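Report on one structure; see the data block that follows.
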Amino acid sequence: MKILGIETSCDETGAAVVENGVKLLSNVVSSSQDLHKKYGGIVPEIAAREQVKIIIAVIQEALDEAKTRSAEFDAIAVTIGPGLIGSLLVGVETAKTLSFISNKPIIPLNHLLGHIYANWMEQRPPKFPIISLIVSGGHTDLLFMENHGVLKWLGGTRDDAAGEAFDKVARILGLSYPGGPEIEKIAKDGDPTSFIFPRPMIDSPDFDFSFSGLKTSVVNLVNNFTDQKTNQFSRDLVANIAASFQTAIFEVLIKKTLLAAKKCAVSEIVVGGGVAANKFFKKELRNQSSIPVRFPPIELAVDNAAMIASCAYFNFRPGKITEIQAQPGLYF
Ligand code: KG4
Ligand code: ZN
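1327 is the number that the numbering used here gives to position 31 of the sequence shown; each next residue is one higher, with no gaps.
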């Protein structure tokens, strides 16, 4: 079964064709990231306007690359939330129109669940039961999954998401958006023991997170160091702060994920979302875990439509065109 996936929850416009949930035939992603850089974050109206312009071309490219004519795919999968309302509307309405004219079923999906399925397009799929850690720009969640569609939400962030903390700290440090890759890059030259930042909720017995205090602590430190006259700080200092911050945030994520894996006695840990692109995180979690840990390839960790198409295959619940709607606040 070939599924055409469509993903437009944030600034990316993605279309992909995946066969039987595991075989990636095409994965096209167009991002309006460069247009947002000067604002230090995503401007929703700009993102949606760009998506309207390019969505048809992106879908066509994905079909061409997969050598699939529109009559040849079996279903359409689309992200309905969570995300930016204007962006979601572009994907959802396009998918509904395509479903109507092609007479193919449409599967509405939760973007967060999609992030987990970025790990299914590997030679060997993850083995249930699993603990899934979703670490994206807007969410940080731990899930216990016994099987496809059988899941229990264990906990999540009470304030900032992990990716959001990376983006905000990067901004304070004068690094560009998105902040995660920038912090990872400069942290390589820094000393992670230079500053001891708080590890919020690291010892709490639940599976919740909180990263806003950690972010504030970095802000306060930066304000103390900033040269009042030039409003600048040295590259070495930025590298040391980045390395210390990254170490603190990953220490919390790793400890809670391993705790959840132990408590639920799972076979594997599966990580998804943009922060899963971080190689330092991947290495640390793998080093500390006694069970297999999955991280998707970088291009599937960040937002893309292939994960949506894969998710749809394993959670095949078509919806009615008249009932499918964009749901910006969708959660578990
Ligand atoms: O999953 P994603 O592409 O979009 C959302 O659904 O939010 O995640 C984007 C987030 C951004 O906050 C970005 O800074 C972060 O993922 N990110 C990273 C890295 N690459 C992207 N965070 C840490 N290290 C990275 N290498
Ligand atoms: Zn995402």
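Here a beta-carbon is modelled for each residue, glycine too, at the ideal position from N, C-alpha and C. These numbers come from a predicted model, not from an experiment.
Closest by C-alpha distance to Lys1333, when choosing among Asp1307, Glu1442, Lys1484 and Lys1319: Asp1307
Integer-rounded CB distance, given that Phe1424 should sit under 8 Å from Ile1443: For the record, residue 1443 in the displayed sequence is Asn; it is not Ile. Right, their Cβ atoms sit about 5 Å apart.
Proximity of Ala1371 and Met1603 at Cβ, strictly below 7 Å: For the 7 Å CB-CB criterion, Ala1371 and Met1603 do not form a contact.
For Leu1439 and Glu1580, the rounded distance between their alpha carbons: 20 Å
Pick from Ser1513, Gln1621, Val1567 and Thr1309 that is closest to Phe1491, judged by C-alpha positions: Closest in alpha carbon position to Phe1491, among Ser1513, Gln1621, Val1567 and Thr1309, is Ser1513.
C-alpha gap between Gly1486 and Ala1538, whole angstroms: If you draw a straight line from the Cα of Gly1486 to the Cα of Ala1538, it comes to about 7 Å.
Any non-hydrogen atom of ligand 2 closer than 6 Å to Asp1370 Cβ: no
Beta-carbon proximity of Ile1427 to Ile1565, cut-off 7 Å: yes
DSSP bridge partner residues for Met1441 (one or two, in chain order): Paired residue(s): Ile1426 and Leu1447.
Status (buried if at least 16 other CB within 10 Å, exposed otherwise) for Lys1552: buried
Proximity to Gly1336 [Cα-Cα], best of Ile1397, Val1465, Thr1489 and Ala1544: Val1465
Phe1505, DSSP secondary structure in three states: strand
Residues bridged to Arg1590 (per DSSP): Val1566
Sub-7 Å separation of Thr1390 and Glu1303 beta-carbons: Not in contact: Thr1390 and Glu1303 (Cβ atoms no closer than 7 Å).
Same chain only: Cβ atoms within 7 Å of Val1386, ignoring 5 sequence neighbours per side: Thr1304, Ala1344, Gln1347, Val1348 and Ile1351
C-alpha distance - Thr1364 paired with Ile1620, whole-angstrom precision: 25 Å
Residues sharing a beta bridge with Pro1404, DSSP: BP columns for Pro1404 point to Val1374.
Extent of the continuous beta strand (DSSP E) run through Leu1323: One detail in the question is off: residue 1323 reads as Asn in this sequence, not Leu. Here the beta strand (DSSP E) through Asn1323 covers Lys1319 to Ser1327.
Residues of its chain near Gly1445, where Cβ-Cβ distance is below 7 Å and the 5 sequence neighbours each way are ignored: Asn1611
Boundaries of the beta strand (DSSP E) in which Glu1303 is found, first to last residue: Its beta strand (DSSP E) spans residues Lys1298 to Glu1303.
beta-carbon Asp1437 near ligand 2 non-hydrogen atom, thresh 6 Å: no
Cβ-heavy atom distance, Ser1432 to ligand 2, below 6 Å: yes
Rounded C-alpha distance that separates Val1562 from Pro1422: 11 Å
Cβ-Cβ separation, Ala1373 to Gly1310 (assumed contact under 8 Å), whole Å: Contact doesn't hold; Cβ gap of about 11 Å is too wide.
Any non-hydrogen atom of ligand 1 closer than 6 Å to Gly1459 Cβ: yes
Endpoints, alpha helix (DSSP H) assigned at Thr1543: Residues Arg1531 to Lys1559.
Extent of the continuous beta strand (DSSP E) run through Gly1310: Glu1308 to Glu1315
Touch test, the segment 1351–1361 against the segment 1578–1597, Cβ-Cβ under 8 Å, three pairs minimum: These segments do not touch.
DSSP three-state assignment for Val1514, whether helix, strand or coil: helix
For Val1465, the residue or residues it bridges with in DSSP: Bridge partners of Val1465: none, in fact.
Leu1409 and Cys1560 closer than 7 Å at C-beta: no
Val1374 Cβ short of 6 Å to ligand 1 heavy atom set: no
Coil, strand or helix - Thr1489 by DSSP: coil
Start and end residues, alpha helix (DSSP H) containing Ser1395: Ile1381 to Ser1398
Residues near Asp1502 in its chain [Cβ-Cβ closer than 7 Å; skip 5 each side]: Excluding sequence neighbours, Asp1502 sits near Gly1451.
Glu1480 beta carbon near ligand 1 (any heavy atom closer than 6 Å): Glu1480 Cβ: within cutoff of ligand 1.
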